[in-house]
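Numbering (the UniProt record's numbering), first residue to last: 1 to 284. All C-beta atoms in this analysis are idealised placements derived from N, C-alpha and C, irrespective of residue type, glycine included. Below is one structure, written out as structure tokens; the observations come after it.
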């Protein structure tokens, strides 16, 4: 196995790259504040003719994600388009009219079914579950939902996971996401459909939008993914067949202290398939 490659600047890695598929949370902001140098790097890549598609496991439509970015001062010119796991979940809901949906998640995610007019129902009457997160991610973990998931399994309900992330950063803390509940449900024998990274649909949609920006299909060897999660960003990029720049300042930051001294066996254990390159934080 080749040694890990470290880069300090995005510009050192984008020769021959037409499209960047960038994660949002952990790369361009930490849930509370933007990372100006990361935003500048993506904007500069666009100014040089590249396309930037933000791909996120946010359980909300792209326009809701955009509003959040604007509130953080992240300009629309930073990127060309946004693809969210929330959008893909909305397609599922729209394709099952009349079915009763139990929605599991915080009130702030209610935009996921805006305009779809779903039939909301309690768990005991639902035909399927849409999970956007925990009811209270400040105080709860997936274990708080074990009883609920056991009841759902007894009814053989399919759980639609609108955010495959297990945890994300919120400032300097890690909070649990819908993926934590979905993985628990799967361990209990329940059926789960995941939308978002590392699963293919979100990458396929991002590539469609990239092709629209360039007016032609994009070869995968001209695409670079950027992310901070081994489980979602790196695994998703590898599974889709594209290179990945891994940002170490994100959710795995503690694990990456002294990473330049890791032996090949430790690298394989940490990454599985190592990324194209690593950087502490995204900058041009």
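Check: Reduced DSSP category for residue 124 - H, G, I as helix; E, B as strand; rest coil; Outcome: helix
Check: C-beta atoms of residue 28 and residue 74 nearer than 8 angstroms; Outcome: yes
Check: DSSP-derived helix/strand/coil call for residue 41; Outcome: helix
Check: Per DSSP, the bridge partner or partners of residue 13; Outcome: Paired residues: none, contrary to the question.
Check: Inter-residue spacing [alpha-carbon to alpha-carbon] between residue 12 and residue 248; Outcome: 17 angstroms
Check: Nearest neighbour of residue 275, chosen from 228, 284, 189 [CA to CA]; Outcome: 228
Check: Residue 289 and residue 45 closer than 8 angstroms at C-beta; Outcome: Any property of residue 289 remains undetermined from this structure, which presents the chain solely from 1 to 284.
Check: Touching by the beta-carbon criterion (3+ pairs, under 8 angstroms), the stretch 228-242 and the stretch 192-203; Outcome: yes
Check: Residues bridged to residue 149 [DSSP beta-bridge criterion]; Outcome: DSSP lists no partner for residue 149.
Check: Cβ shell of residue 57 (< 7 angstroms), same chain only, five flanking positions each side left out; Outcome: 85, 163, 164, 165, 196, 197, 232
Check: Near the ligand HEM: residue 69 beta-carbon under 7 angstroms from a heavy atom; Outcome: The ligand HEM is absent from the structure shown, which contains no ligand whatsoever.
Check: Secondary structure, beta strand (DSSP E): runs of 3+ residues fully inside the stretch 150-202; Outcome: 158-161, 167-170, 173-176, 191-194
Check: Reduced DSSP category for residue 1 - H, G, I as helix; E, B as strand; rest coil; Outcome: Because residue 1 sits at a pLDDT of 46, beneath the cut-off of 50, its placement in the model cannot be relied upon, and the point is left open.
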